[in-house]
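First comes the structure, then the notes that go with it.
Numbering (the working numbering), first residue to last: 1 to 297.
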């Protein structure tokens, strides 16, 4: 089922953050119906750096292709600010759609951008952003590919201006609206009251961010259709990795940490090694099978 079709259902859609094919496959096995490929998570894991516009369009496209080759789960992709002007946005949309993105999110920050829950952001004009959204809509090949318009105006221009911007982006052809970093539950409810009749709305849950945490069910009840948890997996893995390396340094062995990690066989089972080896063996004997069939004729 495409994301577009899924959004016709009344149920809220929870999309966990992923940053590579392994996390995408684990999230898929957990039963999620969509995944969110986080630009911040790619910056954290590939570069070991913050989300301040350091990741390139081609690096994200490469990750999309690797994830799409591993899982069929619909993928929402963070395209930052499109990596430039409207023409850059069109190139980004074409590249990400070819690589397997089901939805492409574009924000109204200037270059270089920064995480939506960092301070001191700056914005392009609302009309320039509307043009970028129109450019994205014009560039997509399939009408099933969704364009998500994100505004970071709450922290820069205030809540009311953020709502105005989001409405303008809806007029430009966006399929989903994303008002980033509301500061309270009251503001979350005000987003759905102002915009919920226009388009499906997306909410972002960031542990330690500006928006109060709520469950996907709670956010669905006030009118959000998609809830993303973009960086949670990296925060979980980073904490675990810190504990793991400290244990190994202290003990000189992984034995004390053994109950918190997969062993060799368990990890291979998780990633499908036995099945892949069996498929490889089937191809190795394919010629022999054809020879036997010819001889039997």
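No residue lacks a Cβ here, since even glycine has one placed at the ideal position from N, Cα and C.
Checklist line | Expected contact under 8 Å - CB spacing of residue 105 and residue 52 to nearest Å | finding: Between residue 52 and residue 105 the Cβ distance is about 17 Å, and since that is not below 8 Å, they are no contact.
Next item on the list: Could you have a look at residue 151 and say whether DSSP puts it in helix, strand or coil?
Entry: strand
Check: Exposed or buried, which one is residue 254 when buried takes at least 16 other CB atoms within 10 Å?
Finding: exposed
Checklist line | alpha helix (DSSP H) segment containing residue 66, residue limits | finding: 57-70
Next item on the list: Look at residue 230 and residue 61 and say whether their C-beta atoms are less than 8 Å apart.
Entry: no
Notebook entry, point to check: What are the boundary residues of the alpha helix (DSSP H) that includes residue 36?
Noted result: Looking at the DSSP string, residue 36 is not in any alpha helix (DSSP H); the run it does join, the beta strand (DSSP E), is 35-37.
Check: Which word fits residue 152, buried or exposed, when buried means at least 16 other C-beta atoms lie within 10 angstroms of its C-beta?
Finding: buried
Notebook entry, point to check: CA-CA distance, residue 138 and residue 144?
Noted result: 13 Å
Next item on the list: Output yes or no for whether 8 Å exceeds the beta carbon distance between residue 112 and residue 154.
Entry: no
Note to self: In the DSSP assignment, the beta strand (DSSP E) including residue 17 goes from what residue to what residue?
What the structure shows: 13-18
Checklist line | Reference residue 14; option with closest CA among 274, 5, 228 and 219 | finding: 228
Next item on the list: Could you check if residue 286 is buried or exposed, using at least 16 other CB atoms within 10 Å of its CB as the buried criterion?
Entry: exposed
Next item on the list: Buried or exposed for residue 141, please, with buried defined as at least 16 other CB atoms from any protein chain shown within 10 angstroms of its CB.
Entry: exposed
Notebook entry, point to check: Are residue 234 and residue 19 closer than 8 Å when you measure CB to CB?
Noted result: yes
Notebook entry, point to check: What residue range is occupied by the uninterrupted beta strand (DSSP E) comprising residue 226?
Noted result: 226-229
Note to self: I need the straight-line Cα distance from residue 74 to residue 82, nearest angstrom please.
What the structure shows: 20 Å
Checklist line | is_contact[residue 200, chain C] using C-beta, thresh 8 Å | finding: You won't find chain C in this structure, because it holds only one protein chain.
Next item on the list: Please work out which residues of its chain come closer than 7 Å, Cβ to Cβ, to residue 212, disregarding the five sequence neighbours upstream and downstream, and give them in chain order.
Entry: 184 and 185
Notebook entry, point to check: Cβ atoms of residue 127 and residue 210: under 8 Å apart, would you say?
Noted result: no
Checklist line | Same chain only: Cβ atoms within 7 Å of residue 256, ignoring 5 sequence neighbours per side | finding: 247
Notebook entry, point to check: Between residue 238 and residue 23, what straight-line distance do the alpha-carbon atoms span, to the nearest angstrom?
Noted result: 14 Å
Item checked: According to DSSP, residues forming a beta bridge with residue 78 -> 105
Note to self: Measuring straight from C-alpha to C-alpha, what distance separates residue 200 and residue 7?
What the structure shows: 8 Å
Check: Pick from 189, 131, 180 and 191: whose alpha carbon is nearest that of residue 171?
Finding: 131
Check: How about residue 16 and residue 36: do their beta carbons lie closer than 8 Å?
Finding: yes
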